[in-house]
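Visitor: Below are the structure tokens for one structure; questions will follow.
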Amino acid sequence: MRVAATSLIYAVNNLSRSFVLLVALLTSFGCLADERRVALVIGNGTYRYAPPLRNTLQDATAVANALRDVGFSKVTVAVEQTRNQLLDTLRTFSAEAETAEWAVLYYAGHGIEINGTNFLIPVDAHLSSDRDASFEAINLNQVLAAVEGARRLRLILLDACRENPFLATMKRLNGTRSISRGLARIEPEGGTLVAFAAKDGQVAWDGGQSNSPFTSALLRYIRTPNLELSRLLRKIRNDVLIETGRRQEPFVYGSLPDEDFYFVTARPERPVPAPPKEPQASMGPEAIRLDEAVKAPDASGKPDRPSAPPPHGTPVANLKDPDPKQNARILASNTQAELRRLGCGPSVVRPVWETEAKSSLQRFNRFANMSVEPKNIDEAFLSKLQSLSPPICTVSCTDGFVAVNNECVAKPCRAGERRAANGVCAAVQDRPKHQDIVKPTPKPSKPPPAVLVEAPRRLKAVPPQRRLSRPKTGCTLFNGACI
593 MRVAATSLIY AVNNLSRSFV LLVALLTSFG CLADERRVAL VIGNGTYRYA PPLRNTLQDA
653 TAVANALRDV GFSKVTVAVE QTRNQLLDTL RTFSAEAETA EWAVLYYAGH GIEINGTNFL
713 IPVDAHLSSD RDASFEAINL NQVLAAVEGA RRLRLILLDA CRENPFLATM KRLNGTRSIS
773 RGLARIEPEG GTLVAFAAKD GQVAWDGGQS NSPFTSALLR YIRTPNLELS RLLRKIRNDV
833 LIETGRRQEP FVYGSLPDED FYFVTARPER PVPAPPKEPQ ASMGPEAIRL DEAVKAPDAS
893 GKPDRPSAPP PHGTPVANLK DPDPKQNARI LASNTQAELR RLGCGPSVVR PVWETEAKSS
953 LQRFNRFANM SVEPKNIDEA FLSKLQSLSP PICTVSCTDG FVAVNNECVA KPCRAGERRA
1013 ANGVCAAVQD RPKHQDIVKP TPKPSKPPPA VLVEAPRRLK AVPPQRRLSR PKTGCTLFNG
1073 ACI
């Protein structure tokens, strides 16, 4: 009986140690199944007292879908928020963040900085004076408080550094209070990252496409497997700098603990034997034979791709994603970014080969004496592009533009000129003042006063007088007769 009890105790102790070891291993690899990630996505675009923002609602919808795709357990979307609604939304999300390991907050809309304090602008804010910001806007510290309950990662993405629409009409009641462009730098507590679409003092572009440059870059990389968060943010910065001609530079404030954070993790692939080395295609005047540049396929029938990053240009993203469509989008974006770096365009990097991107590739073919089509582009061609030094294509600009750093920039117009729709500066014709061209409405004239006209009088007929003849000399005139 005593031996049986001893054996049972020994078995229980071994089982307990095994369980503790298993939990420790799962924790060390970050594979706990109950890790909870929550996100709040806010999009404000239709402002009552400011011009609307075109892309914010599309940006918010696309980011929310991407966060769901990468496994967030709950994604809350709030659009066109007034101040009271936004406060309630932040309060509710604060309770959600306390039960999660990750808390991510994304905001697209107007944001301003007053005297070093950053504010997010609700759609009902009027902001007639600098003092109104504390009562009508949302202090960024309230946003930081909404995510501080998360246990591992607290991330805030602010696509809110656009031009202050209230700056021209806002009264400054305090002469020492400054109002600047963009947002001011901050210093959040440890374990919290705040990513601005543009660094302090800069203004973010709303974008000419369906998404802003910052959000387009975020959507391009957030689904990439095994891409660590710090590197993801650096790739976003690089793409935005390229797309905006270095006029907008995203910036990250804060620090993270000593661990890696991934939006998407992929299982390690089975190692394959190294293929035999193939001769490299030269970049001479001859056209590249892409079928010779691709390496020999492995046992699965798929061509083996080089794993080392190229020496120059944008690093190749992970192209061993199980989704071949995602691979094609990543390859298209990276190739267009390299074509733009070499001075061939396009003006906007997209994950598909649109008309402008195809024209940029044809331009590169013409200057490099090649004949490459979008359907034949692979990693070998991308590596060749990254090994080249710019410029390859000679920049030629149309009227009204000049070449600056391999890009066409609009010429500044002189005083008294205005840029027309075709980009050419033309003299502004003087327009008459408003009071000169708008004639005042004449007042109705009063009728002249009535004039009384007397009726003509009837005159009595006067009998004609008899003509008297001169009397003769020596006679007396009597009754007209000389006697």
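So for the sequence shown, the numbering used here puts the first residue at 593; every next one is plus one.
Here a beta-carbon is modelled for each residue, glycine too, at the ideal position from N, C-alpha and C.
(1) Starting from the Cα of residue 692, find the closest Cα among 745, 677, 1018 and give me that residue.
(2) Can you tell me where the beta strand (DSSP E) holding residue 751 begins and where it ends?
(3) The beta strand (DSSP E) that contains residue 710, what's its start and end?
(4) Per DSSP, what are the beta-bridge partners of residue 784 in this structure?
(5) So, at 7 Å on beta carbons, what are the nonlocal neighbours of residue 853 in its own chain, with the 5 sequence-adjacent residues on each side left out?
(6) What is the rounded straight-line gap between the Cα of residue 861 and the Cα of residue 817?
(7) At which residues does the alpha helix (DSSP H) containing residue 976 begin and terminate?
(8) Taking the CB atoms as reference points, tell me whether residue 665 and residue 629 lie closer together than 7 Å.
(9) Return helix, strand or coil for residue 819, following the three-state DSSP convention.
(10) Using 10 angstroms around the beta-carbon of residue 916, count the other beta-carbons present and answer buried if the total reaches 16, otherwise exposed.
(11) Skipping 5 residues on each side, what residues in its chain have a beta carbon closer than 7 Å to that of residue 781?
(12) Mind checking whether residue 938 and residue 928 have CB atoms under 7 Å apart?
(13) Would residue 935 be called buried (16 or more neighbouring beta carbons within 10 Å of its own) or exposed?
(14) Excluding the 5 residues preceding and the 5 following residue 680 in the sequence, name in chain order all residues of the same chain whose CB lies nearer than 6 Å to its CB.
(15) Apart from the five residues just before and just after residue 698, which ones in its own chain have a Cβ nearer than 6 Å to its Cβ?
(16) Do you know how far the Cα of residue 645 is from the Cα of residue 932?
(17) Could you tell me which of 792, 788, 732, 723 sits nearest to residue 711, measuring between CA atoms?
(18) Sorted by chain position, which residues of the same chain lie with C-beta nearer than 7 Å to residue 838's C-beta, five sequence neighbours on each side aside?
(19) Look at the alpha carbon of residue 810 and the alpha carbon of residue 1019, and state the distance between them as a whole number of angstroms.
(20) Tell me which residue opens and which closes the beta strand (DSSP E) that residue 632 is part of.
(21) Is DSSP giving residue 697 helix, strand or coil here?
(22) Hey, residue 776 and residue 841: beta-carbon distance below 7 Å or not?
(23) Find out if the Cβ-Cβ distance for the pair residue 637, residue 648 is shorter than 7 Å.
(24) What first and last residue would you give for the beta strand (DSSP E) that runs through residue 684?
(25) Residue 806: buried (16+ other C-beta within 10 angstroms of its C-beta) or exposed?
(26) Can you tell which of 857, 791, 846, 703 has the C-alpha that lies nearest to the C-alpha of residue 832?
(27) Can you list, in chain order, the residues of its chain whose CB lies under 7 Å from that of residue 815, leaving out five sequence neighbours each side?
(28) Bridge partners for residue 854 per DSSP, in chain order?
(29) From the DSSP output, which residues share a beta bridge with residue 666?
(30) At what residues does the beta strand (DSSP E) containing residue 984 begin and finish?
(31) For residue 845 versus residue 827, is the C-beta spacing smaller than 7 Å?
(32) Over what stretch of residues does the beta strand (DSSP E) that includes residue 809 continue unbroken?
(33) Quick one: using the 10 Å Cβ neighbour count with 16 as the cut-off for buried, is residue 829 buried or exposed?
(34) Could you check what DSSP says for residue 930 in three-state terms: helix, strand or coil?
(35) Can you tell which of 667, 708, 950, 725 has its C-alpha closest to the C-alpha of residue 688?
(36) Along the alpha helix (DSSP H) that carries residue 725, what are the first and last residues, could you check?
Guide: This is what the structure holds:
(1) A check of alpha carbon separations from residue 692 across 745, 677, 1018 identifies 745 as the nearest.
(2) Segment 745-751, the beta strand (DSSP E) holding residue 751.
(3) Counting along the chain, the beta strand (DSSP E) containing residue 710 begins and ends at 709-712.
(4) For residue 784, the pairing in a beta bridge is given by DSSP as 746, 847.
(5) Counting only Cβ-Cβ distances below 7 Å, and skipping sequence neighbours, we find 745, 820, 821.
(6) The predicted position of residue 861 is uncertain, since its pLDDT is 49 and thus under 50; no value can be drawn from it.
(7) Unbroken alpha helix (DSSP H) run through residue 976: 971-978.
(8) It is a contact, given that the beta carbons lie within the stated cut-off.
(9) Here residue 819 sits in coil by DSSP.
(10) Taking all protein chains shown into account, residue 916 has fewer than 16 neighbouring C-beta atoms within 10 Å of its C-beta and is therefore exposed.
(11) Excluding sequence neighbours, residue 781 sits near nothing in its chain.
(12) The answer is yes: Cβ separation under 7 Å.
(13) It is buried - the Cβ of residue 935 has at least 16 other Cβ atoms within 10 Å.
(14) Cβ within range, chain order: n/a, list empty.
(15) 633, 655, 749.
(16) One C-alpha to the other measures close to 28 Å.
(17) For residue 711, the closest C-alpha among the options 792, 788, 732, 723 is that of 732.
(18) Once the five neighbours on either side are set aside, residue 838 has no close Cβ partner at all.
(19) Residue 1019 has its alpha-carbon roughly 43 Å from the corresponding atom of residue 810.
(20) Membership of residue 632 in the beta strand (DSSP E) is indicated by the continuous run 629-635.
(21) Here residue 697 sits in strand by DSSP.
(22) Not closer than 7 Å, so no.
(23) Yes; because the gap between Cβ atoms is below 7 Å, this pair is in contact.
(24) It is not in any beta strand (DSSP E) - residue 684 instead sits in the alpha helix (DSSP H) that spans 675-689.
(25) It is buried - the Cβ of residue 806 has at least 16 other Cβ atoms within 10 Å.
(26) From the listed residues 857, 791, 846, 703, the smallest Cα separation to residue 832 is found for 791.
(27) The answer, listed in chain order, is 658, 661, 662, 856, 918.
(28) Answer is 820, bridged to residue 854.
(29) Residue 666 is bridged by DSSP to 630.
(30) Counting along the chain, residue 984 sits inside no beta strand (DSSP E), nor does DSSP assign it H or E at all.
(31) With respect to the 7 Å criterion, residue 845 and residue 827 are not classified as neighbours on the basis of their beta carbons.
(32) Note, residue 809: premise wrong, no beta strand (DSSP E); alpha helix (DSSP H) at 805-813.
(33) Per the 10 Å Cβ criterion, buried.
(34) Per DSSP, reduced to three states, the secondary structure at residue 930 is helical.
(35) Distances from the CA of residue 688 to each of 667, 708, 950, 725 were compared; the closest alpha carbon is that of 667.
(36) Run containing residue 725: 725-728, per the alpha helix (DSSP H) assignment.
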